[in-house]
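Engineer: Quick one: the structure is below, questions incoming.
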Amino acid sequence: MNSKWPNQNLEVIKKGAMKKMKLSISHLSKQYRRDFWGLRDFDLELTPGVIGLLGPNGAGKSTLMRMLATITKPTEGSVKWNDTDILKSPDTLRAVLGYLPQDFGIYPNLTGKEFLEYMAAIKGLDAKTARRRIEELLVVVNLVNAAKRPLGGYSGGMKQRVGIAQALLNDPQLLIVDEPTVGLDPEERVRFRNLLSDLSGERIILLSTHIVSDVEATATEIVVINKGRKIQHATPEKLLQLMEGKVWQWMIPSNDLPGLKQKHLISGVIRHDKGVQVRVVSDSAPTPEAQPDTPSLEDAYLHLVSEQGVKQ
Amino acid sequence: MNSLRILHHLARADFLERIRRYSFLIMLGLVVWIGYLSASGQFRMLVSPDKVGIVNSAWAGGIMTVTVTTTLGLVGFYIVKGSVNRDYTTGVGQIMATTPLSRPLYMLGKWLSNFAVLGLAILILLLEGIVMNLLAGTAGFNLAALAAPLVIIALPCVGLVTAVAVLFESVSWLRGGLGNVVYFFVFIVAVSASPLSSAFGKPGTPINPYMDFNGWQIIGDSIQRAATAAYPGSAGIFGFIGGTSLADPKLFPWNGVSWTADILLSRLFFLVIAAGLVMVSALFFDRFNPARLLRIKQTKTRSIAAQPAAASAAIPVSNVHLTPLAGTRTRFRFGGLFLAELKLFLKGQRWWWYVVAGGLVIAQMVTELEVTRILLIVAWVWPILILSGLGCREQRFDTRQIVFSAPHPVANQLPATWLSAFVVIAALGCGALIKFILMGETVSILGWLTGAIFIPSLALALGTMTSSSKVFEALYVAWIYMLYQKVSALDFAGLTPDSPWYLYAPLALVLLVLAWLARAWQLTAKHISK
Chain B
1 MNSKWPNQNL EVIKKGAMKK MKLSISHLSK QYRRDFWGLR DFDLELTPGV IGLLGPNGAG
61 KSTLMRMLAT ITKPTEGSVK WNDTDILKSP DTLRAVLGYL PQDFGIYPNL TGKEFLEYMA
121 AIKGLDAKTA RRRIEELLVV VNLVNAAKRP LGGYSGGMKQ RVGIAQALLN DPQLLIVDEP
181 TVGLDPEERV RFRNLLSDLS GERIILLSTH IVSDVEATAT EIVVINKGRK IQHATPEKLL
241 QLMEGKVWQW MIPSNDLPGL KQKHLISGVI RHDKGVQVRV VSDSAPTPEA QPDTPSLEDA
301 YLHLVSEQGV KQ
Chain Z
1 MNSLRILHHL ARADFLERIR RYSFLIMLGL VVWIGYLSAS GQFRMLVSPD KVGIVNSAWA
61 GGIMTVTVTT TLGLVGFYIV KGSVNRDYTT GVGQIMATTP LSRPLYMLGK WLSNFAVLGL
121 AILILLLEGI VMNLLAGTAG FNLAALAAPL VIIALPCVGL VTAVAVLFES VSWLRGGLGN
181 VVYFFVFIVA VSASPLSSAF GKPGTPINPY MDFNGWQIIG DSIQRAATAA YPGSAGIFGF
241 IGGTSLADPK LFPWNGVSWT ADILLSRLFF LVIAAGLVMV SALFFDRFNP ARLLRIKQTK
301 TRSIAAQPAA ASAAIPVSNV HLTPLAGTRT RFRFGGLFLA ELKLFLKGQR WWWYVVAGGL
361 VIAQMVTELE VTRILLIVAW VWPILILSGL GCREQRFDTR QIVFSAPHPV ANQLPATWLS
421 AFVVIAALGC GALIKFILMG ETVSILGWLT GAIFIPSLAL ALGTMTSSSK VFEALYVAWI
481 YMLYQKVSAL DFAGLTPDSP WYLYAPLALV LLVLAWLARA WQLTAKHISK
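Protein sequence lines correspond, in order, to chains B and Z.
My numbering applies: residue 1 is where the first sequence begins, and numbers increase by one.
My numbering applies: residue 1 is where the second sequence begins, and numbers increase by one.
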């Protein structure tokens, strides 16, 4: 589908804008209690592309997202959008921000379309642009048939899609999506991944999730975070490269599985009639029978997270 | 035995959840304030016209009891109500519904938790009373005399109030703001009926403790008798008032109520009534049945489909594409936001809401001037349940993260929200305005304008400051009730001859500034997510 509003100059303007589009995070920290930091000394520089933020539950992903979305004030550090400090001038970023929080509510008496109209007004879109954008977004998130029903009757997945639509209303330069595929069925999940791919390249998309396959499909860069700290920032290719020679698979009797789990990091198990085929992440071959296997991002993620756990 | 264990944990968990909330601190502040009011003599008991008891432990206990049954009798309801609703909104209720927990047990647990919260308030008040008595060096400190009225009278009173709160939460249409309004009138009627029920006030008339839920008759009758004994031939009436102290009071000794079996039984009677109300609540309670909730939603909005919204037919996955917007984006337009806020403000009202509103507007124009003024009050109460959402609906519906991450959330949204409410208030009162203009009632016109500015300002300020709709609902109903009783000082709309309406315009401005500051504070607070 080509642009409905062709504008050749727009591409030139965009390229110019993209050159300077940058989100710089420096020593960002958030302390919740005296002895508990949600995020600690976090540095990151983001340029256009899809940045997958991976980490286990409670790693600090949502804390980081909320601070970047100007919802939460950091305890220390700075965030700059194109060299503008967003802690001092949050509205500079808000004007170009699309944000889908992990938990959010809706107004149950409004229809899906009315809710998007309301959000468009709050974001400052003029009526004509808003109307066209909402029509298109309803198609994109597959809610055309439900657009005139009150949100109170929507399922969890449908509410999530309304959330995705509102985040995209102002064609954001910075799109922050926190666990966006939660509650979506497999088909909608694929649709959303495709949408992110379509949107990438012309904006910074920060995608937080603990579902590795979501990141695998879309991310151009991956940041792994655990216990409030950044533990890796690399391209998917680089991460896979780091894992070369560290993934092994072999067959073992079913009874040996509990013992193996105690000793090694198991990233996969397939049951067969003669036993189980295990997939293990380890710096060296765990047993002479183990054969090297092709690493996946999930292996890399598990390795990084467990390595940090061992270190601590 | 197992049921008792379930009950204990149900009440305990709920109690702990509440006392760890910010609102509990507010309640503690209220209790300390009640104690202060009692001790500092700002509220006092007397026998008319000028007889006052000698301050001792019994007198202090009496004042505290009357004060606490009056304040917690009303405010306590709003403090404890919301516990069942929380289980609906958090989803905990649906988990509970899958357990063998019975409805009566659940309701009983909620009542005990409610009771424990207000019971704790009374205990704190008692401790405050003890400290104050000891500090003031009250002659012959008597703990039993101080504590007895609080335990025997105030506890059953709050027991009844907390049971009513449970009952209101079990009935779907009383669970929300309408229930808050209805309770105010229930309380006013109950308080009015209590002393009047047995010709209370005439010395020598036997009291009826079974009609005396707040214990005023019991305490008042005892005090009245003590005054008559000290000053034979006098025929004063017991009163509980606020204001300045008497210049030359006649003192008399009062050593507390004689706790007869009849009185004790009557207090037990109210606890039995409370337990009965809790059991009745179990009959109305839907046990978090989403199907019943859905039916309620469906009746509220005619446009909703007969079935839960089903997923739309999928379009091919590969067709996902969004057209980039041209550079016209995000230039703030107040008009657009105002219309969106107005739509949000009015959305969800049924057809009969508009019919009544229209009827009130027409009636304001065609009736006598005095009736027009009354109808104006009624018209301005009519949207109370939507006004009470001003400033706090982002909290109520948990839309804060997405609304407040838009540009200029204070400067853009707050004025549009206020204006939408002002327009609705003005529209509901436009009949009266036309009438005032036609009759050349200049003061009434100015008063009308002040009222139309003051009401949304009050709602917005209270909503943003408390993040709750309850405070406005309770205060506004009480305010309008006083206005209906022609209390001039509270007349913000110039409806009574001595109305200080002109003071309410600057007050509205102050409220708007407070709303602005409260919202700005929310945005700079540590975090505004759940």
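All C-beta atoms, glycine included, are put in the ideal place defined by N, C-alpha and C.
Is the CB-CB distance between B/Leu195 and B/Gly98 below 8 Å?
Structural biologist: Against the first sequence, residue 195 of chain B aligns to sequence position 195. Against the first sequence, residue 98 of chain B aligns to sequence position 98. No. Outside cutoff.
Engineer: Tell me which residue opens and which closes the beta strand (DSSP E) that B/Lys230 is part of.
Structural biologist: Translated into the one-based positions of the first sequence, residue 230 of chain B becomes position 230. B/Lys230 -> beta strand (DSSP E) spans 229-234.
Engineer: Could you compute how far the alpha carbon of Z/Ser192 sits from the alpha carbon of B/Ala146?
Structural biologist: For the purposes of this step, residue 192 of chain Z is taken as the residue at position 192 of the second sequence. For the purposes of this step, residue 146 of chain B is taken as the residue at position 146 of the first sequence. For Z/Ser192 and B/Ala146, the distance between alpha carbons rounds to 52 Å.
Engineer: Chain B partners of Z/Phe332, CB-CB under 7 Å?
Structural biologist: Along the second sequence, one-based indexing puts residue 332 of chain Z at 332. Correct list: Gly124.
Engineer: Where does the unbroken alpha helix (DSSP H) through Z/Gln224 begin, and where does it stop?
Structural biologist: Residue 224 of chain Z sits at position 224 when you count from the first residue of the second sequence. Taken as a continuous stretch (DSSP letters only), the alpha helix (DSSP H) holding Z/Gln224 covers 216-230.
Engineer: Determine, using beta carbons only, whether B/Met119 comes closer than 8 Å to chain Z.
Structural biologist: For the purposes of this step, residue 119 of chain B is identified with residue 119 of the first sequence, where counting begins at 1. Yes, B/Met119 lies at the interface with chain Z (some Cβ there is under 8 Å from its Cβ).
Engineer: Buried or exposed: which applies to B/Gln232, given that a residue is buried once 16 or more other Cβ atoms fall within 10 Å of its Cβ?
Structural biologist: On the first sequence, position 232 is the one that residue 232 of chain B refers to. Label assigned to B/Gln232: buried.
Engineer: Report the neighbours of B/Glu136 on chain Z: residues whose CB is nearer than 8 Å to its CB, in chain order.
Structural biologist: Residue mapping note: residue 136 of chain B aligns to position 136 of the first sequence, counting from 1. Within chain Z, the residues near B/Glu136 are Leu322, Thr323.
Engineer: Where do the ends of the beta strand (DSSP E) carrying Z/Leu495 lie?
Structural biologist: Working through the second sequence from its first residue, we reach residue 495 of chain Z at position 495. No beta strand (DSSP E) contains Z/Leu495, which DSSP labels as neither H nor E.
Engineer: Using the beta-carbon count (16 or more within 10 Å), is Z/Arg20 buried or exposed?
Structural biologist: Taking the second sequence and counting its residues from 1, the one referred to as residue 20 of chain Z is at position 20. The residue in question, Z/Arg20, is exposed, as its Cβ has fewer than 16 Cβ neighbours within 10 Å.
Engineer: Secondary structure at B/Glu45, three-state DSSP: helix, strand or coil?
Structural biologist: Looking up residue 45 of chain B in the first sequence gives position 45. If DSSP states are grouped into helix, strand and coil, B/Glu45 belongs with the strands.
Engineer: Do the segment 247-260 of chain Z and the segment 32-50 of chain Z meet, that is, are 3 or more Cβ pairs less than 8 Å apart?
Structural biologist: Segments in contact, yes.
Engineer: Do three or more CB pairs link the segment 467-475 of chain Z to the segment 434-445 of chain Z at distances below 8 Å?
Structural biologist: No, the segment 467-475 of chain Z does not touch the segment 434-445 of chain Z.
Engineer: Within 8 Å, do at least three Cβ pairs link the segment 88-98 of chain Z to the segment 114-122 of chain Z?
Structural biologist: At 8 Å Cβ cutoff, the stretches do not touch.
Engineer: How long is the line joining the alpha carbons of B/Leu143 and Z/Thr466, rounded to whole angstroms?
Structural biologist: As a first step, residue 143 of chain B must be located in the first sequence, where it is residue number 143. As a first step, residue 466 of chain Z must be located in the second sequence, where it is residue number 466. Roughly 36 Å between the two C-alpha positions.
Engineer: Who are B/Arg132's beta bridge partners in DSSP?
Structural biologist: The residue given as residue 132 of chain B occupies position 132 in the first sequence. Answer is none; B/Arg132 lacks a bridge partner.
Engineer: Just to confirm my understanding: we take Z/Pro104, look at its own chain, exclude 5 residues before and 5 after, and list those with CB closer than 8 Å. What are they?
Structural biologist: Here residue 104 of chain Z is taken as the residue at index 104 of the second sequence, counted from 1. Hits under 8 Å: Val278, Met279, Ala282.
Engineer: Counting only the same chain and skipping the five closest in sequence on each side, list residues whose C-beta sits under 7 Å from that of Z/Phe531.
Structural biologist: Because chain Z spans 1 through 530 in this model, residue 531 of chain Z falls outside it and cannot be assessed.
Engineer: So, helix, strand or coil for Z/Leu251, using DSSP?
Structural biologist: Against the second sequence, residue 251 of chain Z aligns to sequence position 251. It is a strand residue.
Engineer: Taking the alpha-carbon positions, what's the B/Ala285 to B/Pro108 distance?
Structural biologist: Taking the first sequence and counting its residues from 1, the one referred to as residue 285 of chain B is at position 285. Taking the first sequence and counting its residues from 1, the one referred to as residue 108 of chain B is at position 108. Between B/Ala285 and B/Pro108, the C-alpha separation is close to 56 Å.
Engineer: Expressed to the nearest angstrom, what Euclidean distance is found between the alpha-carbon atoms of Z/Thr559 and Z/Val477?
Structural biologist: In the structure as shown, chain Z begins at 1 and stops at 530. Residue 559 of chain Z is therefore absent and cannot be evaluated.
Engineer: Can at least three beta-carbon pairs, one atom from the segment 294-305 of chain B and one from the segment 215-235 of chain B, be found at a separation below 8 Å?
Structural biologist: Yes, the segment 294-305 of chain B is in contact with the segment 215-235 of chain B.
Engineer: Flag B/Val140 as yes if its beta-carbon sits less than 8 Å from any beta-carbon of chain D, otherwise no.
Structural biologist: Given the protein chain composition of this structure (B and Z), no chain D is represented.
Engineer: Taking DSSP as the reference, what is the three-state secondary structure of Z/Met45?
Structural biologist: Stepping through the second sequence from its first residue, residue 45 of chain Z is reached at position 45. Three-state DSSP puts Z/Met45 in a strand.
Engineer: For B/Arg94, which of helix, strand or coil comes out of DSSP?
Structural biologist: For the purposes of this step, residue 94 of chain B is identified with residue 94 of the first sequence, where counting begins at 1. Helix at B/Arg94.
Engineer: Touch check for the segment 417-431 of chain Z and the segment 112-121 of chain B: three-plus C-beta pairs under 8 Å?
Structural biologist: Judged by Cβ distances under 8 Å, the segment 417-431 of chain Z makes no contact with the segment 112-121 of chain B, as fewer than three pairs qualify.
Engineer: Residue ranges of each alpha helix (DSSP H) run of no fewer than 4 residues wholly in the segment 89-148 of chain Z, ordered along the chain?
Structural biologist: Fully enclosed alpha helix (DSSP H) runs of 4 or longer: 92-97, 103-136.
Engineer: Rounded to whole angstroms, how far is the Cβ of Z/Ile219 from the Cβ of Z/Val66, which I believe are closer than 8 Å?
Structural biologist: To locate residue 219 of chain Z, count along the second sequence from 1; it is residue 219. To locate residue 66 of chain Z, count along the second sequence from 1; it is residue 66. Confirmed, Cβ separation roughly 6 Å.
Engineer: On the three-state DSSP scale, how would you describe B/Glu117?
Structural biologist: Your numbering for residue 117 of chain B matches position 117 in the first sequence. Three-state result, B/Glu117: helix.
Engineer: Note down, in chain order, every chain Z residue with its Cβ under 7 Å from the Cβ of B/Phe104.
Structural biologist: Translated into the one-based positions of the first sequence, residue 104 of chain B becomes position 104. Residues of chain Z passing the Cβ test: Asp398, Thr399, Gln401, Ile402.
Engineer: Which class does B/Gly245 belong to by DSSP, given the choice of helix, strand or coil?
Structural biologist: As a working mapping, residue 245 of chain B is identified with position 245 in the first sequence. B/Gly245 falls in the coil class under three-state DSSP.
Engineer: State yes or no: is the beta carbon of Z/Leu543 nearer than 8 Å to at least one beta carbon in chain B?
Structural biologist: Given that chain Z is displayed from residue 1 to residue 530, the structure contains no residue 543 of chain Z and the question cannot be resolved.
Engineer: Quick check: the segment 209-218 of chain Z against the segment 111-118 of chain Z, are at least 3 beta-carbon pairs closer than 8 Å?
Structural biologist: They do not touch, by the three-pair rule.
Engineer: Pick from B/Ala121, B/Phe104, B/Trp250, B/Met158: whose alpha carbon is nearest that of Z/Ala406?
Structural biologist: Along the second sequence, one-based indexing puts residue 406 of chain Z at 406. Checking every option, the nearest Cα to that of Z/Ala406 belongs to B/Ala121.
Engineer: Helix, strand or coil for Z/Lys343? Go by DSSP, reduced to three states.
Structural biologist: Mapped onto the second sequence, residue 343 of chain Z falls at position 343. Of the three classes helix, strand and coil, the one that applies to Z/Lys343 here is helix, per DSSP.
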